[in-house]
Amino acid sequence: MSSFQQERYQDTLLYRIRHSSAHVMAQAVLEKFPGGKVAIGPAIEDGFYYDFDLPRAVTPEDLVEIEQRMREIIKGKFPFQRRELSAEEARQIFSDQPFKLELIEG
Numbered sequence: 340m341s342s343f344q345q346e347r348y349q350d351t352l353l354y355r356i357r358h359s360s361a362h363v364m365a366q367a368v369l370e371k372f373p374g375g376k377v378a379i380g381p382a383i384e385d386g387f388y389y390d391f392d393l394p395r396a397v398t399p400e401d402l403v404e405i406e407q408r409m410r411e412i413i414k415g416k417f418p419f420q421r422r423e424l425s426a427e428e429a430r431q432i433f434s435d436q437p438f439k440l441e442l443i444e445g
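In structure tokens, the structure reads:
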């Protein structure tokens, strides 16, 4: 009988890097598209993504700018802080993000 236990993906460093990268990307996209709406943006098995509702389609040129802004954000070495919030606190923070409010409401 083996005592080897497989680490859950959500507990790995790779997952945390991908999860953080999704947040960095969301920040860069929202700076590029003020008023944009974010939905979900999880780390997945082979990367990460974020769903957005933006005022227009993203162009290849936008992607270059978003990637550059992501690099700048990362170079800033801003700390990530994980906070647990009540539903009411989350509603206040995401009051302008209808998809996040949907998630909060369940």
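First residue of the sequence shown: 340, per the numbering used here; consecutive thereafter.
The C-beta atom is built at its ideal place from N, Cα and C for all residues, glycine as well.
- The Cβ atoms of A367 and I412 sit closer than 8 Å to each other.
- Apart from sequence neighbours up to five positions away, the residues of its chain that approach S360 with a beta-carbon distance below 7 Å are F387, ordered along the chain.
- Per DSSP, I413 is one residue of the alpha helix (DSSP H) stretching across 399-414.
- Closest by C-alpha distance to R347, out of L442, E384, E423, is E384.
- DSSP lists F387 as the beta-bridge partner residues of A382.
- Rounded to whole angstroms, the separation of the alpha carbons of G445 and A378 is 13 Å.
- When only Cα atoms are considered, R421 and D350 end up about 14 Å apart.
- About 14 Å separates the CB atoms of D392 and K371; that is not less than 8 Å, and the two are not in contact.
- Just measuring C-alpha positions, the residue of M364, P399, V363, I443 sitting nearest R430 is I443.
- Across the structure, K439 and K376 are spaced so that their CA atoms are roughly 9 Å apart.
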